[in-house]
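Quick notes on the structure that follows.
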Amino acid sequence: MSSSEGVLKLYGEKCDKLLKESEIRFAGIVDKAGQLIAGGFKEGLTPHEGDETRLQSFLEFVSKASIRKEYDESLGPINYLAARRDKAVLVSFPFPITQILLLISAEPTANIENLAKKVVEIFTDVN
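The sequence shown begins at 3 in the working numbering and counts up one residue at a time.
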């Protein structure tokens, strides 16, 4: 197994851990080209109509926002970006060193801070 395959397997396992959380519907790792490289929708879950399209547009938005560095010096780097919608909460976590994003879609009742803590717990050893 090459080191990149090993890393993808690790990301996949970490996404699977997140998907065990009852409120999380989707947890995926996306590369800088916007391609899903690990994770996906919770097993047995039927995505809301248009979920993939919405995730794709949210992804494009967060990719652009996450790579903007103009406020990093004064405010610090972005820890995560969140959008609360009527039907879902979308949260993205940039991994600046590897230039990938973790994208999560959760039920609208999800507590964003608690989600962020869970992500930090699970992904703490990943840069």
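We treat Cβ as the ideally placed atom computed from N, Cα and C, and that holds for glycine.
If you're wondering where the values come from, they're calculated on a predicted model, not measured in any experiment.
- Beta-ladder partner(s) of residue 30, from DSSP: 41 and 105
- Message: Please tell me whether residue 13 and residue 41 are closer than 8 Å, where the distance is taken between their beta carbons.
- Response: In contact: residue 13 and residue 41 (Cβ atoms closer than 8 Å).
- Reference residue 109, options 38, 47 and 75, closest by Cα: Checked all of 38, 47 and 75; the closest Cα to residue 109 is 47.
- Item | Which listed residue (90, 29 and 10) has its alpha carbon closest to that of residue 121 | 29
- Task: Tell me residue 84's beta-bridge partners as DSSP assigns them.
- Result: 93
- Message: Among the candidates 58, 116 and 39, whose CA atom is the shortest distance from the CA of residue 102?
- Response: 39
- Query: If you run the structure through DSSP and keep just helix, strand and coil, what is residue 116?
  - Reply: helix
- Query: Rounded to the nearest angstrom, how far is the Cβ of residue 25 from that of residue 112, given a contact under 8 Å?
  - Reply: Confirmed, Cβ separation roughly 4 Å.
- Query: In terms of residue numbering, what span does the alpha helix (DSSP H) encompassing residue 7 cover?
  - Reply: 5-21
- Message: In the DSSP assignment, the alpha helix (DSSP H) including residue 74 goes from what residue to what residue?
- Response: Per DSSP, the continuous alpha helix (DSSP H) segment holding residue 74 begins and ends at 74-77.
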